[in-house]
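*Asks:*
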Amino acid sequence: MIKGIQRDNGYYRYFGSSNSQMKEQAGWFLLLPPNENMDQAREKIGKVSKIRSVSTYIARVGLYLTTSRSAGIKLTYKGEATKSNGEPHLKRKSSLFSSIKRLFRKPKKSEPEYMAIQIPDEKRNEYTFTDGCGKISLGLARKVAQNIGIQIKDDMDIPSAFQVRIAGYKGMLSIDPESRSNEFYILVRESMKKFDSDDWTLHIVDHSRPMPLSLNNQVIRLLSDLGVPNGAFESIQTRCIDRKELWHPPPQCYLNAMDSLNQALINERRLKYRNAKHFLRKNKIPLPINEARNLFGIADETQTLKPGECFIQYRHLPSSSSSKKYSIYEGPVIVTKHPCLHPGDIRLLRAGYELQLENIVPSLLYPPAEKKSDKQVTNERVVDYVLDTFTDSFVGIIANVHKAIADKHPRGTLSKECAECAELFARAIDARKTGESISMVRIDELKKQYYQSCPRWMMKFDKPEMDPPSNSINEILYRKAEDALLHDENFQDILRPLQGVELPAEPITIDIDDTALTVENEISSNQIRMACCCYCIFIMLVIAAVIYCFKRFKIWGIFS
Numbered sequence: 012m013i014k015g016i017q018r019d020n021g022y023y024r025y026f027g028s029s030n031s032q033m034k035e036q037a038g039w040f041l042l043l044p045p046n047e048n049m050d051q052a053r054e055k056i057g058k059v060s061k062i063r064s065v066s067t068y069i070a071r072v073g074l075y076l077t078t079s080r081s082a083g084i085k086l087t088y089k090g091e092a093t094k095s096n097g098e099p100h101l102k103r104k105s106s107l108f109s110s111i112k113r114l115f116r117k118p119k120k121s122e123p124e125y126m127a128i129q130i131p132d133e134k135r136n137e138y139t140f141t142d143g144c145g146k147i148s149l150g151l152a153r154k155v156a157q158n159i160g161i162q163i164k165d166d167m168d169i170p171s172a173f174q175v176r177i178a179g180y181k182g183m184l185s186i187d188p189e190s191r192s193n194e195f196y197i198l199v200r201e202s203m204k205k206f207d208s209d210d211w212t213l214h215i216v217d218h219s220r221p222m223p224l225s226l227n228n229q230v231i232r233l234l235s236d237l238g239v240p241n242g243a244f245e246s247i248q249t250r251c252i253d254r255k256e257l258w259h260p261p262p263q264c265y266l267n268a269m270d271s272l273n274q275a276l277i278n279e280r281r282l283k284y285r286n287a288k289h290f291l292r293k294n295k296i297p298l299p300i301n302e303a304r305n306l307f308g309i310a311d312e313t314q315t316l317k318p319g320e321c322f323i324q325y326r327h328l329p330s331s332s333s334s335k336k337y338s339i340y341e342g343p344v345i346v347t348k349h350p351c352l353h354p355g356d357i358r359l360l361r362a363g364y365e366l367q368l369e370n371i372v373p374s375l376l377y378p379p380a381e382k383k384s385d386k387q388v389t390n391e392r393v394v395d396y397v398l399d400t401f402t403d404s405f406v407g408i409i410a411n412v413h414k415a416i417a418d419k420h421p422r423g424t425l426s427k428e429c430a431e432c433a434e435l436f437a438r439a440i441d442a443r444k445t446g447e448s449i450s451m452v453r454i455d456e457l458k459k460q461y462y463q464s465c466p467r468w469m470m471k472f473d474k475p476e477m478d479p480p481s482n483s484i485n486e487i488l489y490r491k492a493e494d495a496l497l498h499d500e501n502f503q504d505i506l507r508p509l510q511g512v513e514l515p516a517e518p519i520t521i522d523i524d525d526t527a528l529t530v531e532n533e534i535s536s537n538q539i540r541m542a543c544c545c546y547c548i549f550i551m552l553v554i555a556a557v558i559y560c561f562k563r564f565k566i567w568g569i570f571s
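Take 12 as the starting number for the sequence shown in my numbering and just add one per residue.
(1) Please report the Cβ distance between residue 446 and residue 66, rounded to the nearest whole angstrom; I am assuming they are in contact, meaning their Cβ atoms lie under 8 Å.
(2) Taking buried to mean at least 16 other C-beta atoms within 10 Å of its own C-beta, is residue 70 buried or exposed?
(3) Grab me the residues of residue 346's own chain with a C-beta within less than 6 Å of its C-beta, minus the 5 sequence neighbours each way, in chain order.
(4) Can you find the residues in the same chain that come closer than 6 Å, C-beta to C-beta, to residue 129, ignoring five residues on each side of it along the sequence?
(5) Is it right to say residue 353 is buried, meaning 16 or more other beta carbons lie within 10 angstroms of its own, or is it exposed?
(6) Does DSSP classify residue 211 as helix, strand or coil?
(7) With the cut-off set at 8 Å, would you say residue 430 and residue 288 are in Cβ contact?
(8) Quick one: using the 10 Å Cβ neighbour count with 16 as the cut-off for buried, is residue 513 buried or exposed?
(9) Which class does residue 125 belong to by DSSP, given the choice of helix, strand or coil?
(10) With the cut-off set at 8 Å, would you say residue 437 and residue 405 are in Cβ contact?
(11) How many Å lie between residue 410 and residue 327 at the Cα?
(12) If we call anything under 8 Å between Cβ atoms a contact, is residue 195 one with residue 245?
(13) Out of 408, 127, 153 and 174, state which residue places its alpha-carbon closest to the alpha-carbon of residue 168.
(14) Using three-state DSSP, classify residue 147 as helix, strand or coil.
(15) What is the DSSP secondary structure of residue 34, reduced to helix, strand or coil?
(16) So, helix, strand or coil for residue 327, using DSSP?
(17) Whole angstroms is fine: what's the gap from residue 349's alpha carbon to residue 46's?
(18) Starting from residue 87, follow the alpha helix (DSSP H) in both directions and report where the run begins and ends.
(19) Going straight from the alpha carbon of residue 472 to that of residue 466, what length do you get?
(20) Report buried or exposed for residue 314, applying the criterion of at least 16 other Cβ atoms within 10 angstroms of its Cβ.
(21) Whole angstroms is fine: what's the gap from residue 15's alpha carbon to residue 207's?
(22) Could you name the residues of the same chain whose beta carbon sits closer than 6 Å to that of residue 238, not counting the 5 residues immediately before and after it, in chain order?
(23) Along the chain, where does the alpha helix (DSSP H) containing residue 406 start, and where does it finish?
(24) Assuming contact is defined by CB atoms lying nearer than 8 Å, are residue 423 and residue 232 in contact in what I supplied?
(25) What's the C-alpha gap between residue 476 and residue 454?
(26) Is DSSP giving residue 222 helix, strand or coil here?
(27) Note down the Cα distance separating residue 319 from residue 243, rounded to an integer number of angstroms.
(28) Helix, strand or coil: how does DSSP classify residue 470 here?
(29) What span of residues does the alpha helix (DSSP H) with residue 477 cover, start to end?
(30) Is it buried or exposed for residue 27, if we count other Cβ within 10 angstroms and need 16 for buried?
(31) Which residue's Cα is closest to the Cα of residue 63: 205, 337 and 550?
(32) So the beta strand (DSSP E) residue 59 belongs to, where does it begin and stop?
(33) With 16 as the cutoff for other CB atoms within 10 Å, does residue 186 come out buried or exposed?
(34) If you draw a straight line from the alpha carbon of residue 177 to that of residue 252, how long is it in whole angstroms?
(35) Using the rule of at least 16 other Cβ atoms within 10 Å of the residue's Cβ for burial, across every protein chain shown, is residue 170 buried or exposed?
(36) Tell me the DSSP secondary structure of residue 203 in three-state form.
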């Protein structure tokens, strides 16, 4: 990775990996121009040389490599504001004199100025309630949505939240309730800043939209230990077996505006539901689209929600209708995250109606330490750390040990041992970013005690099956899925076009090195032709030699 991969007369050297690529042991390799090293190449994305932690350095470079789509908008950074509403850079209130003056002034037709302003975080009792959450004006949100291909007929079509990458900032931007349609700005917070950069081009990673939700083994086990009866899960599973339409959410749920050009992802999602039984065996049980959703969680900028409250507004999706009816849910709601190993990851909140929040769709609103090194981060240290990370498997080991303990311990996920695993798992998930060295001593002790055999539902076929068999809800659902009679053809689905998304006329391509490719193609073609000719001549000589031997030594009779 340091020397590089040779191609033609150059070497492609390791540049970096996004978060998902680190999990897949993949990365980007770069052909450097003459008289430039890899540290200088990485410095072009931002001032990452100031970072002294190798893990943070790799994470920040990986931020630049996250799959995203440019909104085609370059903003002008105005500096830091003293208030969370953007003042004094934004004029929130106009005087009576300026209002009268605008009535008699002829409006000028000019390109609007796109501004970026940093505002302070909302902090109380040493907690940051707006961590990673910023704001975007209504006018700019409309412009961004149109630029990435979303059809906008009215303001309700505008996504209320965008996952973005801009300069050295990353996080969520929700529509500023104080903004107007003729304002074009974003308000980023200090907690969103990862490194310094002068490139203020806005990149969209994702946006709010209808997203289906499924149960999984972790959620089922936690809810069971918290008192949900087994019959509730069994009835949900039976409903999925009897109603195949639950495996096929409406077409709006398949893709977002960025995914719609990714043919590999389209094919993957087209095939996703063809083996429903496989998903049932893994207890991935789809929930009705109007009863459960994956939502972006954002901070309540209006500060109207109380502790224990949330606001949920979602698009109601009838199975045979393209209407855009929005519903505000009122009542108790279960909120969780993925992955979830600790009972505290399941929260019961009350969703209510708030007039100030009714323009937020579809999202979920909540009331609102690493030791650094003095050494310079070098390319050798980056490569060493990445190679060490590629061989780490402790996240999966901890998760499997947690499953075994939860199934065998009388208290399940409420046990002390499961709590230890959950805490260590949370730290292990962030270890690639924090650089923390995870000690597996306690996990090794728990493995000897609980992980010598596994329940059948874990599908660890290299381990002895648990004796006596498990009687957990996960095992019950697994055995029911094994016995279920499903015909795959009844669960096949054809990917329907995503309404409301305009695909660009030309595909998105990445130019890596046209000259080298052209030369290599010409060389490869000549080499292939020469190899084919040599191969044909060789075959002819072999055939002639065989015929000569048969005639010379008269061995035809041997095979008669």
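Built from N, CA and C at the ideal position, the CB exists for glycine as well.
*Replies:* With the structure as the only source:
(1) 3 Å
(2) buried
(3) 358 and 360
(4) 91 and 199
(5) buried
(6) coil
(7) no
(8) Any reading at residue 513 is ruled out, since the residue's pLDDT is 46, under 50, leaving its predicted position unreliable.
(9) coil
(10) no
(11) 35 Å
(12) no
(13) 153
(14) strand
(15) helix
(16) strand
(17) 45 Å
(18) Run containing residue 87: none in the alpha helix (DSSP H); it sits in the beta strand (DSSP E), 87 to 91.
(19) 10 Å
(20) exposed
(21) 28 Å
(22) none
(23) 405 to 419
(24) yes
(25) 21 Å
(26) coil
(27) 25 Å
(28) coil
(29) Looking at the DSSP string, residue 477 is not in any alpha helix (DSSP H), and its letter there is neither H nor E.
(30) buried
(31) 205
(32) Where residue 59 is concerned, there is no enclosing beta strand (DSSP E), given that its DSSP letter is neither H nor E.
(33) buried
(34) 45 Å
(35) buried
(36) helix
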